[in-house]
Structures are given as C-alpha cells and as structure tokens.
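Worksheet for the structure shown next.
Numbering (full-length UniProt numbering), first residue to last: 1 to 547.
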C-alpha cells in the first residue's frame, strides 16, 4: 500500500478477476502478511461485483471482511463484531467458503478459528462473491495464494470430511415400504443391460436366479452378439451382410447408419482387417488385426474349428464370410457396393454361420436348415472364445462385451501368421490386388454419398466422414498421420453401438438400456445442480458408484 493512510477514506481494496464458482462446493484461499506496515489496518474477505473498492472489505453492503488490527468481523456494516485474534507480519490467514451449507470461516497459520471452525457468516444464496483484500496504511504488503503453492491449512482433510457427509446422505436415502418394488426394478435394469449388450448366457443365468423375464428371444440376442463381434473385429463388410440377411430392410431405412458402416468398412480395408481385402493376402499382419477384445487376441485352439477355414492366397473366391445367396438379400434402393462374396458358398474362406432370425423373411429363407444344425450353430455362438474389456456402452463411446467365452473362436487366424513375427503394417496388408479392391470400393462409396446427397440434401457429417476416410490414402504411413486415429480399433465401438441400437429399435425394443438412461439422468442432474449453484454436486460423482 502506497497511500497516505491518514483515515478510512485512504483505504483501497483489490479483488480477484473471477468470482468463486458456485458449483465448486468448497473454496479456499490464503493470504500471507508480508508486512503489516504502519498500523496493520488490513481486511481479508469477500465482496460482490459493484462494491466500492475504496473501502476495506466488510464496510459496505454485499461486502464481508476479517480485519487484522482488531480481529473483528465486518458483514456489510461499518460496525464490527469480535471474531478472532489480530494478525500481523508473518501470519497466514485463510478464508474458506463452504457453498454446501453457505457458510464461511477463517484460519490462522493452518488452524481454524474456534474449536468447531467458528462460522464467520452465513452467506446469502445465489451470490457471486469475489476474494477480496483491503489495505489502508503505508508499507502494508500481502501475498495471496489461490493454490499455486501448498496451503498451510489442511483443506484436503476438510474436503474429505464433507465428501463423506454427502456420500452418506446419498446412501441413506430413504426407500420406505417400496423395498421390494425397488429391488425388482434394479434387477430388471441389470437384466435389460445384459440383454442389450448380448450377454446371453449371463442374462439367462441372472433371470433364472432373480426370477426376471427376458424381453428378447435368445436367438435374436445371439444374432446381435455375432454382428457386434464382427464390427469390433474390423470385419464390417460381414457385419453389413449379416444385418441385411437377419434384419431385412434395416439399413435401407437407415441411410445414415448404412453410410457410417460403409465408411468404417473403407477404413478397415485400409487397415487390412476387412474380409474384402483380407482374402487377397495369404497372411494378414497381426498388427493390423490386433485389438484388446478382438478375436485375434483370444486363446488359439488349433484345428478344432473344422467349419472355419483359414484365409489363403490360393482361395478360389473372396468372401465376406456370410452364408447367403442373392435371394436372401433384401433389395436396396441404393447402389450396391460390390462385394465378391455374392457368389460365395458355405465353404467360403472365413465363413460364419448365422443363427436364424426372428423375422419372417429370414425364417422362410432358412427353412431348409435342420434342427440339429440350428442347435449346433446356437451352441457355437455361445462358445466363441473372445475377451472384451469391461465397461459401459454409451452413444459416443462404448466398452462392449465383458467376460470370456472359453471354447471356440469366431475368427481363426492362420497358424503360421500366429507364429511368425509381426511384420510392419502396410496398406491393405501390402497386397496390390487388395489395394485395387479398396480403391474400387472407395469409388462406389463416393457414388453412394452423391446419391444420398441428391435424395436427402447435403450432410456435413457424411462429408466429413468421407473426407477423413479418403484422407488416409494421402499418407505413406496412414497409422502415423493426422487422421490416423481412425485406424485405432477403439473407433469401431461407436459404430458398433449405433448398429446395435438400430437393430433393437427396429424390434420395438429400447435402443439404450434403462440402466444407461438412469446413469445419464443422474449425470444431467449433477450438471443442473452445478448450473444453479448447489455446491453439494461437487462431491457427488456418478463414477464414484461405478465399481
């Protein structure tokens, strides 16, 4: 302070640039008295915007301060009340604002004032207050600490105390006489979550133990499970064919979803994982097919999968892996992106048998299958060995398929490729024919984009997806380029989630499980609490209850 300091009119205050965030729960700052100056007329406190800064904090309306010369508190008044000890050179004064119970207290040299943290004042609700420091006599010097240095007071312990209080309040929320209804609702939410993600065996076992009803037939669950596994393994072309076979008309009535799948298929062609390009290579590099949760990382079981053929360069035809004929495919109004699997037979490379669909069209087309074959297919579906990371499915980011199946893989990687050292990643697996097929597919994808644009108008999302996918070809090493994140296997997950939700919605089932909706609602409530300034929301995080 450089003023004259002859009377109170010479006082001056300074406040922080930003107010205390209403949703932070607990706010704390400290001020070190470097020098008390001539008389030590200093005030530390809070003030609202518009308060006169030519006065010490606490003297005017909407201003609150703790003064060092007399230890009095001033709350919007020129008359102070005894509060704590005086403070002088070398002391560190802390101000803690508790926005949960709207109180404020002070600390001195790391100790709270009073045995029970004596309340300085009860703050008005919905007030934007700024940390404020006022000085009045020459030579007064202070240094404020907003967390850039360790605090003298153990604010972390105080925050843990309040966090425990808030969590205890949540856990003790009264249910009353509705315990049975509450328990049944929770069980139904868990059951629907398991069904949504295709955990067929787990859902069946859970329903048996809890006496709940599964809304979807097991065959339909297993069909969705297979399709999800194909997408997560990078075999998007096969997933598209399977969807068209088992759910006729679904993709034709969802052009945005179809375009997303086709763009992802192009990316997987670049990656060398889609069957459209895998069939051209004798060996597909493991580095281009590996994925935490992808079948290529599952335990290998030798030649036990007699019905699954390894892909070889001498294969007579290239297949997307779905046993189908043109008579089984629904007619699309969109130009067909040519697939060499249209002429594939049941012995095509990497073929996968799909369970019977619940739809009438699919059922009629598969009436020639014997009951024993259907049972075998269902059992194989349940026994495919895959490891998927635990987690939660959401619209934009998913973690699909927790747990382990312990018998048979949906994919069989050539044994020699499993034993060889991992080669460097190459475009389309390094095969020229596969690269030509990818370029042809890209042209067809461009035609599809133009047709969708003519029918539905310009779509900026479609344009960006297409540009991002095609941009991969501009780099010699697509995996290490500005758009290379598209090749990360985790990018398959939102595509998988969108397809799974569309299938469920087409069957008049919820496209999102109620459990996820409940979590989303809880998160949104916390955001609304923060918006209106309810400080307790800062200690109530949804993630704290997800173990």
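C-beta atoms are modelled at their ideal positions from N, C-alpha and C, and glycine is treated no differently. Being a predicted model, the structure only gives us computed values, none of them experimental.
Item: Using three-state DSSP, classify residue 217 as helix, strand or coil.; Value: coil
Item: Helix, strand or coil for residue 94? Go by DSSP, reduced to three states.; Value: strand
Item: Which value, in whole angstroms, describes the spacing of the CA atoms of residue 161 and residue 539?; Value: 10 Å
Item: Check whether the region 99-115 touches the region 15-31, counting contact only when three or more Cβ pairs, one atom from each stretch, lie closer than 8 Å.; Value: yes
Item: Closer than 7 Å by C-beta to residue 69: which residues in its own chain qualify, once you throw out the five before and the five after it? Chain order, please.; Value: 39, 40, 41, 86
Item: Check each candidate in 80, 489, 499 and name the one with the smallest Cα separation from residue 234.; Value: 489
Item: Out of 453, 533, 202, which one is the CA nearest neighbour of residue 101?; Value: 533
Item: In whole angstroms, give me the CA-to-CA distance for residue 520 and residue 508.; Value: 21 Å
Item: CB residue 448 to CB residue 231, shorter than 8 Å?; Value: no
Item: Got a sec? Which residues, its chain only, sit under 8 Å from residue 20 by beta carbon, not counting five neighbours each side?; Value: 27, 46, 97, 99, 128, 129, 130, 131
Item: Bridge partners of residue 108, per DSSP?; Value: 93, 111
Item: Do you know how far the Cα of residue 453 is from the Cα of residue 211?; Value: 50 Å
Item: Exposed or buried, what is residue 174 when buried is set at 16 or more other beta-carbons lying within 10 Å of its beta-carbon?; Value: exposed
Item: Confirm the yes/no value for this check: CB of residue 445, any heavy atom of the ligand NAP, distance under 7 Å.; Value: Summarising the ligand content, the structure contains no ligands, and the ligand NAP is consequently not present.
Item: For residue 86, does the three-state DSSP call read helix, strand or coil?; Value: coil
Item: DSSP on residue 279, reduced to helix/strand/coil?; Value: coil
Item: Are residue 239 and residue 227 touching if we call contact CB-CB under 8 Å?; Value: yes
Item: Does DSSP classify residue 132 as helix, strand or coil?; Value: strand
Item: Between residue 557 and residue 157, what straight-line distance do the alpha-carbon atoms span, to the nearest angstrom?; Value: Any answer about residue 557 is impossible in this case: the structure gives the chain only from 1 up to 547.
Item: Skipping 5 residues on each side, what residues in its chain have a beta carbon closer than 8 Å to that of residue 269?; Value: 276, 277, 428, 434, 437, 438, 441
Item: Please classify residue 79 as buried or exposed, where buried requires at least 16 other C-beta atoms within 10 Å of its C-beta.; Value: exposed
Item: Over the uninterrupted alpha helix (DSSP H) stretch that includes residue 241, give me the two end residues.; Value: 236-246
Item: May I ask you to report which of helix, strand or coil DSSP gives residue 152?; Value: coil
Item: Write down the C-beta distance between residue 536 and residue 141 rounded to the nearest angstrom, noting that I regard them as a contact closer than 8 Å.; Value: So it is not a contact: roughly 38 Å between Cβ atoms.
Item: If we ignore side chains and look at the alpha-carbon of each, how far apart do residue 71 and residue 189 end up?; Value: 58 Å
Item: Assuming residue 549 is part of the beta strand (DSSP E), what are its boundary residues?; Value: Outside the displayed range of the chain (1 to 547) lies residue 549, so it cannot be described from this structure.
Item: Where do the N-terminal and C-terminal ends of the beta strand (DSSP E) with residue 45 fall, by residue?; Value: 42-48
Item: Please identify the residue among 544, 527, 502 whose C-alpha is closest to the C-alpha of residue 243.; Value: 502
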